[in-house]
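Participant: One structure, as structure tokens, below. Some questions next.
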Amino acid sequence: MSIYEILFWFLTIMAISSALGVILSRNPITSVLFLIVTFFAISGHYILLNAQFLAIVNIIVYAGAIMVLFLFVIMLMNLNADVEPQKGRLLQLAGVIAGGVLFLVILAALKSATVLPLEKTSSDIGLIKNLGRVLFTQFVLPFEISSVLFLSAMIGAIVIGKKEETKNPLTP
Amino acid sequence: MKAIIATTILGIIMMFAGIMAKEKKPLTTLATILLVILLGVNIWDLTNTSSLAPESLFNNMLRIDRYALWFNTLMTGCTLLYVLLVGREIQKVGEHVAEYFALIFFILCGVYLLSCYNNLLILFIGIEIMSIPQYILAGSDKRNLKSSEASLKYFLMGAFTTGILLMGITLLYGATGSFNIVSFSFLQSDHLNTLALAGILFIMMAFSFKVSAAPMHMWTPDVYDGSPTAFTAYMATIVKAAAFFAFLRLFQVSFGSLSSHWTFVLAIITAATLLVGNLTAVFQQSVKRMLAYSSIAQAGFMLFAILAVNAVAWQGIIIYAVAYSIATIGIFTVLMKLKDYTYDGFNGLAKKEPLLAFVSTIFLFSLAGIPLTAGFMAKYYVLQALIQQGSLLWLVIFGLLMASISVYYYFRVIIAMYFKQGAAELNSPVSGTDKFMLVFTCFLVILLGIFPQLLLGNI
Amino acid sequence: MKFLLLAVDQNTPFNYFPVALQLAIAIGFVIVMMAATHLLGPKRKTHDKLANFESGIPSVGNARQPMAIKYFLVAILFVLFDVEVIFFYPYAVNFRELGKDGFYAVLLFVGFFFCGFFYIIKKKALEWED
Chain A
27 MSIYEILFWF
37 LTIMAISSAL
47 GVILSRNPIT
57 SVLFLIVTFF
67 AISGHYILLN
77 AQFLAIVNII
87 VYAGAIMVLF
97 LFVIMLMNLN
107 ADVEPQKGRL
117 LQLAGVIAGG
127 VLFLVILAAL
137 KSATVLPLEK
147 TSSDIGLIKN
157 LGRVLFTQFV
167 LPFEISSVLF
177 LSAMIGAIVI
187 GKKEETKNPL
197 TP
Chain B
3 MKAIIATTIL
13 GIIMMFAGIM
23 AKEKKPLTTL
33 ATILLVILLG
43 VNIWDLTNTS
53 SLAPESLFNN
63 MLRIDRYALW
73 FNTLMTGCTL
83 LYVLLVGREI
93 QKVGEHVAEY
103 FALIFFILCG
113 VYLLSCYNNL
123 LILFIGIEIM
133 SIPQYILAGS
143 DKRNLKSSEA
153 SLKYFLMGAF
163 TTGILLMGIT
173 LLYGATGSFN
183 IVSFSFLQSD
193 HLNTLALAGI
203 LFIMMAFSFK
213 VSAAPMHMWT
223 PDVYDGSPTA
233 FTAYMATIVK
243 AAAFFAFLRL
253 FQVSFGSLSS
263 HWTFVLAIIT
273 AATLLVGNLT
283 AVFQQSVKRM
293 LAYSSIAQAG
303 FMLFAILAVN
313 AVAWQGIIIY
323 AVAYSIATIG
333 IFTVLMKLKD
343 YTYDGFNGLA
353 KKEPLLAFVS
363 TIFLFSLAGI
373 PLTAGFMAKY
383 YVLQALIQQG
393 SLLWLVIFGL
403 LMASISVYYY
413 FRVIIAMYFK
423 QGAAELNSPV
433 SGTDKFMLVF
443 TCFLVILLGI
453 FPQLLLGNI
Chain C
36 MKFLLLAVDQ
46 NTPFNYFPVA
56 LQLAIAIGFV
66 IVMMAATHLL
76 GPKRKTHDKL
86 ANFESGIPSV
96 GNARQPMAIK
106 YFLVAILFVL
116 FDVEVIFFYP
126 YAVNFRELGK
136 DGFYAVLLFV
146 GFFFCGFFYI
156 IKKKALEWED
């Protein structure tokens, strides 16, 4: 077992167990903290794949910014009352069956997957320089179009988050 | 292609108009003018493109053909009709009127991308650009708790489904090593691996959610019911039609050769959609909720086109999209004029507002698929497509049966209007412009019912 | 320790080995220290010691109060511009190579964001109202 494999298994176990922690822990704050651990483990995977830019972005954007938003959302909720909606037995059973079927599909897909004859490409493909070159030449359209997405997100933040300056509240 | 740029710029103009404008009324006028410009740009695109070879743009990210351009033009036209009909209702929803219109322009950007994408990345971005403004529009009525609930529900479900779509794309990429929808490696050889099939299944589930097909339809009634009615009319029509067009594009162009693998699953989804949509609609008390279920039922018919995998399917989806959009926008416009959204709210409308009752009768006829209306021709074309496909005749018969059930709940509204005693209360007086627009829409429905070729002549 | 130096001129995951090593040492140090104080220190729990410390006065009310949405508004706008800035990094690395086309692409992208920024300012989303 090389050091690469040891790292891979370590990160995998860390990612899976902390992801389980996200859904199994009762306290939402604990869930968020587990999620951060998951993101770090996935960033580790990116580094193993030699995709360093993705690893850094994952930490800055996801573990940094988006987690803060998650914490804000949790603080916006009223956490004093410890209410967890009770799901019916039937619903739980249906969930287990559906999840199990999904798991089976993926398992079957991966088991019988014939791996494509991969071309021997250089391992530098995930480095920032190569990524930037592809992003700004081949994938320039998705890059530009994503700004429309950002604009609608900004409008959304204003429309939903901004207090309306109504002088006279409309009669219902 | 010019239309994508144009709609983005017009959306930004609309955003800034919101900062400048003091009144709400000029904003609606501005949006109408901008939509006319956008329609002009679309027609310009259409006349500039030769009818033969599809044109690839941006390193094969987009592949523009006549179907896509024609669909874009029609959808822009429907949006213009929508703004003309319900523009005044949009003003009543909230403070940020300009933003609502800007979001509609951005949704149109998503629609254009979805009609001509050639790369799964563009499909993903297109679906997101189309969905995110909808989440916002669903929650735009902040004083109403149901609207917020609708928005949140839609957002959570939609985000989850987008995850499934991405998973499907990933599996497909893993199996074929390509994002390009016309160059998947399973197209060349018989060699087909389970990884690709699982990917197709995931993508199918995600699309079924977006078009509210049966096992994934749970969000539809709540979201359509909770959102402001003005925006429900848009979500249920143009957005849904665009999702169907994207669905058809992917499953015909790139998975068409594999149809024996996925037809059965999709046939069951279709049958379930028809059954659930039509049967549940029968038991609704609120007309708005009934229309939500009826939109599920109509989605069942549109799925016929995807099952068919032939040339008629393209014509079917275009005719169905337009016919269904026009009639649904029309009936929602009438609904918005009423105070009470239950069936009782329609009681005696024929005596009070005979014109309103008449036009809604025509719209409901079209939705039910009565001959001489656009809805009939739409149903005719999709059924025709499925009959040509040949192996799913049981579904055709089942569809006809379900169409006859749908007549019941559409006619319940007509009976309430004409034969029940009562005083239907109006929300606001119906102005002359409203009347003119409604009659014009009604005229369109009948015109397209008699000459459906008008919708196809240009292709 | 020679392999640490060997990995420098080629880009492999093992360039990050020193980082990982330092991370492991830092985390290990914290864990050891915390465990040591926990095990070695005396434990005398009294009611006063376990109470929340609030500048010496008895604690008032509940700390878990819903916060205002304006914090969230600023945070979400921050995330959007954060993502924008990240796109500059791959561009900057390829600045010379991409030439004019790349420049126009980035200019358009920034132009859109500038429109959004102007809009946000005009809408007073960043003003700290009460």
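Residue numbers (the numbering used here), protein chains in the order written: chain A, 27 to 198; chain B, 3 to 461; chain C, 36 to 165.
No residue lacks a Cβ here, since even glycine has one placed at the ideal position from N, Cα and C.
Tell me the rounded alpha-carbon separation between residue 197 of chain B and residue 170 of chain B.
Facilitator: By 1-based counting over the second sequence, the position of residue 197 of chain B is 195. By 1-based counting over the second sequence, the position of residue 170 of chain B is 168. If you take the alpha carbons of residue 197 of chain B and residue 170 of chain B, they lie about 9 Å apart.
Participant: Along the chain, where does the alpha helix (DSSP H) containing residue 408 of chain B start, and where does it finish?
Facilitator: The residue you call residue 408 of chain B lines up with position 406 of the second sequence. Start and end: 395–421.
Participant: Thinking C-alpha only, which one of B:230, B:203, B:210 is nearest residue 152 of chain B?
Facilitator: Position 150 of the second sequence, counting from 1, holds the residue named residue 152 of chain B. Closest option to residue 152 of chain B, Cα to Cα, is B:230.
Participant: Between which two residues does the alpha helix (DSSP H) containing residue 131 of chain B stretch?
Facilitator: Counted from its first residue, the second sequence places residue 131 of chain B at position 129. Its alpha helix (DSSP H) spans residues 122–140.
Participant: Restricting to runs no shorter than 3 residues, where is the beta strand (DSSP E) found entirely within the region 20–78 of chain B?
Facilitator: Entirely contained in the region 20–78 of chain B, the beta strand (DSSP E) runs reaching 3 residues are, in chain order, 57–59, 64–66.
Participant: Give the interface partners of residue 87 of chain A over in chain C, defined as CB-CB distance under 9 Å, in chain order.
Facilitator: Taking the first sequence and counting its residues from 1, one reaches residue 87 of chain A at position 61. Those within 9 Å of residue 87 of chain A in chain C are 114, 117, 118, 121.
Participant: Compute the distance between the beta-carbons of residue 287 of chain B and residue 226 of chain B, then report whether it is under 8 Å.
Facilitator: Residue 287 of chain B sits at position 285 when you count from the first residue of the second sequence. Residue 226 of chain B sits at position 224 when you count from the first residue of the second sequence. Contact flag unset, no.
Participant: Beta-carbon separation of residue 525 of chain B and residue 105 of chain B under 8 Å?
Facilitator: With chain B covering only 3 through 461, there is no way to say anything about residue 525 of chain B.
Participant: Along chain D, in chain order, which residues have C-beta atoms closer than 8 Å to that of residue 102 of chain C?
Facilitator: Absent from the structure: chain D. Protein chains present are A, B and C.
Participant: Kindly say whether residue 154 of chain C, judged by its beta-carbon, lies nearer than 8 Å to any beta-carbon of chain B.
Facilitator: Residue mapping note: residue 154 of chain C aligns to position 119 of the third sequence, counting from 1. It does; some Cβ of chain B falls within 8 Å.
Participant: Where do the N-terminal and C-terminal ends of the alpha helix (DSSP H) with residue 363 of chain B fall, by residue?
Facilitator: Within the second sequence, the letter at position 361 stands for residue 363 of chain B. Taken as a continuous stretch (DSSP letters only), the alpha helix (DSSP H) holding residue 363 of chain B covers 356–370.
Participant: Taking C-beta pairs closer than 8 Å, name the residues in chain C that residue 187 of chain A reaches, listed in chain order.
Facilitator: Translated into positions along the first sequence, residue 187 of chain A becomes position 161. 104, 105, 107, 108, 111, 160, listed in chain order.
Participant: For residue 344 of chain B, which residues does DSSP report across the bridge?
Facilitator: Working through the second sequence from its first residue, we reach residue 344 of chain B at position 342. Answer by DSSP bridge pairing, in chain order: B:288.
Participant: May I have the straight-line CA-CA distance separating residue 118 of chain B from residue 38 of chain B, to the nearest angstrom?
Facilitator: Indexing the second sequence from 1 puts residue 118 of chain B at position 116. Indexing the second sequence from 1 puts residue 38 of chain B at position 36. Their backbone Cα atoms lie some 22 Å apart in a straight line.
Participant: Mapping the DSSP letters down to three states, classify residue 75 of chain A as helix, strand or coil.
Facilitator: As a position in the first sequence, residue 75 of chain A is number 49, starting the count at 1. Residue 75 of chain A: coil per DSSP, three-state reduction.
Participant: In chain C, which residues lie with their C-beta within 7 Å of the C-beta of residue 158 of chain A?
Facilitator: By one-based count along the first sequence, residue 158 of chain A stands at place 132. Simply 125, 126, 128, 129.
Participant: What does a CB cutoff of less than 6 Å around residue 132 of chain C pick up in its chain, not counting 5 residues either side in sequence?
Facilitator: Taking the third sequence and counting its residues from 1, one reaches residue 132 of chain C at position 97. Within the same chain, residue 132 of chain C has no close Cβ partners at all.
Participant: Any beta-carbon of chain B closer than 8 Å to the one on residue 157 of chain C?
Facilitator: As a working note, residue 157 of chain C is residue 122 in the third sequence. At least one chain B Cβ lies under 8 Å of residue 157 of chain C.
Participant: Does the count of Cβ pairs from the region 380–388 of chain B and the region 315–322 of chain B closer than 8 Å reach three?
Facilitator: As far as the Cβ criterion goes, the region 380–388 of chain B touches the region 315–322 of chain B, which means the pair count is three or higher.
Participant: Got a sec? Which residues, its chain only, sit under 8 Å from residue 408 of chain B by beta carbon, not counting five neighbours each side?
Facilitator: Residue numbering aside, residue 408 of chain B sits at position 406 when the second sequence is read from its first letter. Once the five neighbours on either side are set aside, the close Cβ partners of residue 408 of chain B are 280, 283, 296, 299, 369, 370, 371.
Participant: Which of the three DSSP states is assigned to residue 138 of chain A in this structure?
Facilitator: Here residue 138 of chain A corresponds to residue number 112 of the first sequence, with the count starting at 1. Residue 138 of chain A falls in the coil class under three-state DSSP.
Participant: Based on the DSSP output, what are the partners of residue 119 of chain B in its beta bridges?
Facilitator: Taking the second sequence and counting its residues from 1, the one referred to as residue 119 of chain B is at position 117. In the DSSP output, where bridge partners are listed per residue, residue 119 of chain B has B:64.
Participant: Alpha carbon to alpha carbon, what distance is there between residue 89 of chain A and residue 65 of chain A?
Facilitator: If you number the first sequence from 1, residue 65 of chain A lands on position 39. If you number the first sequence from 1, residue 89 of chain A lands on position 63. Looking at the two C-alpha atoms, the distance is approximately 6 Å.
Participant: Following the continuous alpha helix (DSSP H) through residue 39 of chain A, name the residue where it begins and the one where it ends.
Facilitator: Taking the first sequence and counting its residues from 1, the one referred to as residue 39 of chain A is at position 13. 29–50 is the span of the alpha helix (DSSP H), which, as asked, contains residue 39 of chain A.
Participant: Which residues, in chain order, does the region 101–134 of chain B contribute to contact with chain C at a C-beta distance below 8 Å?
Facilitator: Within the region 101–134 of chain B, no residue qualifies.
Participant: Does the CB of residue 155 of chain A have a neighbour CB from chain C at under 8 Å?
Facilitator: The sequence position of residue 155 of chain A within the first sequence is 129, counting from 1. It does; some Cβ of chain C falls within 8 Å.
Participant: Among the residues of its own chain, which have a CB less than 6 Å from the CB of residue 61 of chain A, if the five just before and after it don't count?
Facilitator: The residue given as residue 61 of chain A occupies position 35 in the first sequence. If we look at residue 61 of chain A and ignore the five residues flanking it on each side, its Cβ neighbours are 48.
Participant: Show which residues of chain B have a CB atom less than 7 Å away from the CB atom of residue 57 of chain A.
Facilitator: Mapped onto the first sequence, residue 57 of chain A falls at position 31. By Cβ distance, chain B contributes nothing, its closest Cβ being about 16 Å from residue 57 of chain A, past 7 Å.
Participant: If we call anything under 8 Å between Cβ atoms a contact, is residue 59 of chain B one with residue 132 of chain B?
Facilitator: Along the second sequence, read from residue 1 onward, the residue named residue 59 of chain B stands at position 57. Along the second sequence, read from residue 1 onward, the residue named residue 132 of chain B stands at position 130. The answer is no: Cβ separation not under 8 Å.
Participant: Check whether the region 94–103 of chain B touches the region 263–274 of chain B, taking contact to mean three or more Cβ pairs, one atom from each stretch, closer than 8 Å.
Facilitator: Contact between the region 94–103 of chain B and the region 263–274 of chain B is absent, because fewer than three Cβ pairs lie under 8 Å.
Participant: Using 10 angstroms around the beta-carbon of residue 195 of chain A, count the other beta-carbons present and answer buried if the total reaches 16, otherwise exposed.
Facilitator: Working through the first sequence from its first residue, we reach residue 195 of chain A at position 169. Note on residue 195 of chain A: pLDDT 46, under 50, position unreliable in the model; the coordinate value appears next. Looking at its Cβ environment, which holds fewer than 16 other Cβ atoms inside 10 Å, residue 195 of chain A is exposed.
Participant: If you measure between the beta carbons of residue 314 of chain B and residue 376 of chain B, is that distance less than 8 Å?
Facilitator: Within the second sequence, numbered from 1, the residue matching residue 314 of chain B stands at position 312. Within the second sequence, numbered from 1, the residue matching residue 376 of chain B stands at position 374. Not closer than 8 Å, so no.
Participant: When you compare the CB of residue 138 of chain B with every CB in chain C, is at least one pair closer than 8 Å?
Facilitator: As a working mapping, residue 138 of chain B is identified with position 136 in the second sequence. With 8 Å as the cut-off, residue 138 of chain B does not count as an interface residue toward chain C.
Participant: What's the call for residue 156 of chain B, buried or exposed, on a 16-neighbour Cβ count within 10 Å?
Facilitator: One-based indexing of the second sequence puts residue 156 of chain B at position 154. The residue is buried, with at least 16 neighbouring Cβ atoms inside 10 Å.
Participant: In three-state terms, what does DSSP make of residue 156 of chain A?
Facilitator: Translated into positions along the first sequence, residue 156 of chain A becomes position 130. Helix.
Participant: Going by DSSP in three states, residue 198 of chain A sits in which element: helix, strand or coil?
Facilitator: Counting from 1 along the first sequence, the entry for residue 198 of chain A is found at position 172. Confidence is the limiting factor: at residue 198 of chain A the pLDDT is only 39, short of 50, which leaves the residue's position unreliable, though a coordinate-based value still follows. Correct three-state label for residue 198 of chain A: coil.
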